[in-house]
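Per my numbering, the sequence shown starts with residue 23, numbered consecutively. Note that CB positions come from ideal geometry on N, CA and C, so glycine has one too. The structure appears below as structure tokens.
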Amino acid sequence: RLRELRIDMKDLKGLLLFTIMLLAAGAAGCTETVAQAEAGDVVKVHYTGTFANGTIFDASTDREPLEFTLGAGEMIPGFDEGVLGMEVGSTKTIQIPADQAYGHYREDLVLELDLSEDLVVGQQVGLTLPDGGVLIGRVVDVSTTGAIVDANHRLAGEDLTFSVQLIDIA
């Protein structure tokens, strides 16, 4: 025997509308894709760079985000690799050993020069190489007979940590 079930048309419309909304919400969630940063993408990031002891050496938070092309060699290798695969809005901590950052500190890049001009400790100087290239160094000591110039990058030999937020993928 069949039992007769009476449903008010108003209730049926409400149930049908509710079912359609659930299906639509589920379908929208299934088709949404989140862009991930890939080699060749132009990305914008905010970052804070710190040394192993936590001291901040640089940050972009008070200026425009840093913009660069992933994989184009514009950034140190460890930073570039760390941003790969990030999603817009995500934040990531990237730890970069010295050899993937600015290299190890090299004693052979600390040069003793005869004084041919007045130099001041902290001053940057360009050193012309035999092939015509220029190496930038920083005067670290001055005496009456000469000057010591360190041509290492200021972050050479340092393991670095960056907190990075991906702002945009162009």
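- prompt: At a cut of 8 Å, does the stretch 133 to 145 reach the stretch 90 to 110 through at least three beta carbon pairs?
  reply: no
- prompt: With 16 other CB atoms within 10 Å as the buried threshold, where does Gly19 fall?
  reply: Nothing in the structure corresponds to residue 19, since the chain is present only between 23 and 192.
- request: Could you tell me the distance, in whole angstroms, from the CA atom of Asp9 to the CA atom of Ala173?
  value: Because the chain spans 23 through 192 in this model, residue 9 falls outside it and cannot be assessed.
- prompt: Cβ of Gln58 within 7 Å of Cβ of Glu89?
  reply: no
message: Nearest by alpha-carbon distance to Asp84: which of His68, Gly154, Gly107 and Ala169 is it?
response: His68
- prompt: Between the C-alpha atoms of Gly111 and Phe73, what's the straight-line distance to the nearest angstrom?
  reply: 24 Å
message: Taking its Cβ as the centre, do 16 or more other Cβ atoms sit within 10 Å of Asp102, making it buried, or is it exposed?
response: buried
Proximal residues to Leu151 (C-beta, below 7 Å), its chain only, five neighbours per side dropped: Leu157
field: Same chain, Cβ closer than 6 Å to Ala61, neighbours up to 5 away in sequence not counted
entry: Leu92 and Gly93
field: Nearest-angstrom Cα separation, counted from Tyr124 out to Gly100
entry: 10 Å
query: Short check: CB of Thr183 to CB of Gln122, under 7 Å?
result: no
- prompt: At what residues does the beta strand (DSSP E) containing Asp80 begin and finish?
  reply: Ile78 to Ala81
task: Compare the Cα-Cα distances from Thr167 to each of Ser82, Asp140, Asp190 and Gly144 and report the closest residue.
output: Asp140
- request: Have a look at Val171, Ala192 and Arg128 and flag the residue whose alpha-carbon is nearest the alpha-carbon of Gly148.
  value: Val171
message: Quick check on the burial criterion: 16 or more other C-beta atoms within 10 angstroms. Buried or exposed for Glu180?
response: buried
For Pro87 and Ile189, believed in contact at Cβ under 8 Å, the rounded distance: 5 Å
query: What is the DSSP secondary structure of Leu24, reduced to helix, strand or coil?
result: Note that Leu24 has pLDDT 49, beneath the 50 cutoff, so the model's placement of it is unreliable and no number is given.
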